[in-house]
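Each remark here refers to the structure printed beneath this line.
2 protein chains.
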Amino acid sequence: MSGNQAPMRERAKAFFEDLQDRICAEIERLDGKQKFREDRWEYAPSGEASLRSGGGGGITRVIAEGAVFEKGGVNTSAVAGRLPEKMAQRMKVGEGDFFACGISLVLHPRSPHVPTVHMNMRYLEVQPDDGSPLDGWFGGGADLTPYYLNRDDAKHFHQALKQACDAHDPEHYPRFKQWCDEYFVVKHRGEARGVGGIFFDYLRGNLEGDFPFVQDAGNAFLAAYPPIVERRMHDAYDDAQRQWQLVRRGRYVEFNLVYDRGTLFGLETKGRIESILMSLPPHVSWVYDHQPEPGSPEAELVAVLREPVAWV
Amino acid sequence: MSGNQAPMRERAKAFFEDLQDRICAEIERLDGKQKFREDRWEYAPSGEASLRSGGGGGITRVIAEGAVFEKGGVNTSAVAGRLPEKMAQRMKVGEGDFFACGISLVLHPRSPHVPTVHMNMRYLEVQPDDGSPLDGWFGGGADLTPYYLNRDDAKHFHQALKQACDAHDPEHYPRFKQWCDEYFVVKHRGEARGVGGIFFDYLRGNLEGDFPFVQDAGNAFLAAYPPIVERRMHDAYDDAQRQWQLVRRGRYVEFNLVYDRGTLFGLETKGRIESILMSLPPHVSWVYDHQPEPGSPEAELVAVLREPVAWV
């Protein structure tokens, strides 16, 4: 490693912002109608968090009412502050100051034939109050949430992520695929959020070795998702299929608000609410006791969500 | 008190089920089009909870696609099982077996001029493992969530609840009104869920004295809410007002899934998911950075939600 390199927090932030630019350009190309609206914001934590070292901000980019994307956000942020006690316990780190930067995206297509997608890559640092050394780690993940199951799409998505993983460590993909299957679960429904992908956290101890993996995994989004959009975006759908999508989006909301660590981290660290909750779908329905008809394509999806599949 | 009286758990359950009947009849009368669908279910907790004493069930009644009510549920349940450790800590009681019975209702009217309403009354018992005496208490509350502020409606709702409180203890209403203002807060938005009402919990130590209050507070729903529905249900509204309602319903979902104890209790004790989540609105929108126009009726509502009002 060269001693001249910038600190990891700067290099990670620069990578995430560059990736944001490239992904937004590709999403605008796919959409063909709408452009992202950009909001730059400053992090101004209230109370305890503002006492020291608090600051930073983010670049929120949201697309809405597009031809392909009904709503989507591709956000970056880099913030520092006091780590809330609750978060420190959950992360199993000492109390102290934190720095967090990352990219987070969720895209909700208009057509029920095009899956919703999520991707997040992040770098965190905690400087414990007790004087122990700076603790830094990467985390991230990407997962696909179809409304109708298309096995080729699921395979393609997993294959692209696997390739990025395999270039660094043959154990990454199997481990991170399983972690994803375990993480993105709507526990009270006994269902996965979608067909999975990868999820990893607390990748620490070898930051210089892990950063290239995180870069490849982030870049893999562009190979994993846009081809699926292009395959499905022109497929016709009817009102019943749209209604199914709206009901399934309710499950997405349930996961994000009840279980998602990133969302809870954002709410608890008093992040910018509109940037955090850009992940919520534009239109959602909750229908009491909605059950897909046995043997239907809707029932086929739910069956797959109840039991993780080895896609590749 | 007569030694011949049935145990509180039986009397409470009987009261809640009778109240459910009376409320459903009144809601059907108001709606004029749809009737409640009833689902009776049995509580079959999995894992640890099923080891001892688990059982019971509930009566879920849901109305949908009505003339006045787009979706609503008026549920009762009476279940027993093992108290999850997390819940015991939150309730500050010892680990042990629990019994819980109650009535819970949420009504989502179709018109943005008719407020959403919630009411819950419950009786809980915990039998700690350490042999200490049975611990029983009442809890409950009722709150009103308008989409457009009507001060007379808010006053009427509070007045009806205050009357039920005042008949038992002059300190009840001020205390429970404040508790409500503090409880029904969408913290990350810095907004109350609505114009409040009453909220109370851990009413213990004098069950025979508190039960009549809980009965009066439950019965007060029929004086508090239906007259507001009758006043507003014929008011005309346009698409923009409907859109505002859908966005505000998103805040309702955010509160219920992120903060509401009753919802979390249900999810964590593996209650019947469809009965717990009947509280979620039928159609909801999340619009990025939605801000009401300054000086508009929408902005007037939000201003009131940011600062609790002494309605009576």
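Same order as they appear, the protein sequences are chains A and B.
Counting from 3, one number per residue, gives the positions in the first sequence under our numbering.
Counting from 3, one number per residue, gives the positions in the second sequence under our numbering.
We put the beta carbon where it would ideally sit given N, CA and C, even for glycine.
Against chain A, the CB of residue 120 of chain B has no partner CB under 8 angstroms away; the residue lies outside that interface. Under the three-state reduction of DSSP output, residue 17 of chain A falls in the helix class.
Cβ-Cβ distances below 8 angstroms link residue 253 of chain A to 188, 191, 193 and 195 in the same chain, with the five nearest sequence neighbours on each side left out; the list follows chain order.
Chain-order list of chain A residues neighbouring residue 66 of chain B: 289 and 290, by C-beta distance under 9 angstroms.
Using beta-carbon distances, residue 29 of chain A does not count as an interface residue toward chain B, since no partner is under 8 angstroms.
Closer than 8 angstroms to the CB of residue 191 of chain B there is at least one CB belonging to chain A. Between the C-alpha atoms of residue 128 of chain A and residue 262 of chain A there is a straight-line separation of about 21 angstroms. When secondary structure is reduced to three states using DSSP, residue 243 of chain B falls in the helix class.
Neighbours of residue 89 of chain A across chain B, judged by C-beta separation under 9 angstroms, do not exist; the nearest C-beta is about 15 angstroms away. Taking every protein chain shown into account, the CB of residue 273 of chain B has 16 or more other CB atoms within 10 angstroms, so this residue is buried.
Shortest Cα-Cα distance from residue 243 of chain B to any of B:265, B:77 and B:298 involves B:298. Within the same chain, and ignoring the five residues on either side of residue 134 of chain A in sequence, the residues whose Cβ sits closer than 8 angstroms to its Cβ are 96. When the Cα atoms are used, residue 113 of chain A and residue 310 of chain A turn out to be separated by approximately 25 angstroms. For residue 306 of chain B, none of the residues of chain A pass the 8 angstroms Cβ criterion, the least Cβ distance being about 19 angstroms. Apart from sequence neighbours up to five positions away, the residues of its chain that approach residue 105 of chain A with a beta-carbon distance below 6 angstroms are 18, 21, 22, 78 and 123, ordered along the chain. Counting the other Cβ atoms within 10 Å of the Cβ of residue 290 of chain A gives 16 or more, which makes it buried. A straight-line Cα-Cα distance of about 33 angstroms links residue 86 of chain A and residue 206 of chain B.
In the DSSP assignment, no residue is bridged to residue 38 of chain A.
The C-beta of residue 283 of chain A comes closer than 8 angstroms to at least one C-beta of chain B. One thing to note: residue 225 of chain B has its Cβ no nearer than 8 angstroms to the Cβ of residue 169 of chain B.
Per DSSP, reduced to three states, the secondary structure at residue 204 of chain A is strand.
For residue 222 of chain B, the closest C-alpha among the options B:16, B:24, B:59 and B:12 is that of B:24.
Per DSSP, reduced to three states, the secondary structure at residue 122 of chain A is strand. Runs of beta strand (DSSP E) with 3 or more residues, each lying fully within the segment 103 to 149 of chain B, are found at 118 to 130 and 137 to 147, listed in chain order.
For residue 287 of chain B, the uninterrupted beta strand (DSSP E) segment begins and ends at 285 to 287. Of the candidates B:82, B:150, B:81 and B:63, B:63 places its Cα closest to the Cα of residue 108 of chain B. In the three-state reduction of the DSSP assignment, residue 62 of chain A falls in the strand class, which pools E and B. Residue A:213 holds the alpha-carbon nearest to the alpha-carbon of residue 15 of chain A among A:74, A:213 and A:295. In the three-state scheme derived from DSSP, where H, G and I count as helix and E and B as strand, residue 81 of chain A is classed as strand. Contact annotation, residue 246 of chain B with residue 282 of chain A: C-beta distance approximately 17 angstroms; criterion of less than 8 angstroms not satisfied.
Linking residue 302 of chain A to residue 179 of chain A through their CA atoms gives a straight-line distance of about 21 angstroms.
Of all residues in the segment 255 to 273 of chain A, only 255, 256, 259, 260 and 269 place a beta-carbon less than 7 angstroms from a beta-carbon of chain B. Under a criterion of Cβ atoms nearer than 7 angstroms, the residues of chain B adjacent to residue 286 of chain A are, in order, 286. The beta carbon of residue 38 of chain B sits closer than 6 angstroms to those of 26, 63 and 65, all from its chain and outside the five residues before and after it, given in chain order. Contacts between residue 279 of chain A and chain B, judged by CB atoms closer than 9 angstroms, involve 190, 252, 256, 288 and 290 in chain order. Within the model, the alpha-carbon separation for residue 174 of chain B versus residue 42 of chain A is close to 47 angstroms.
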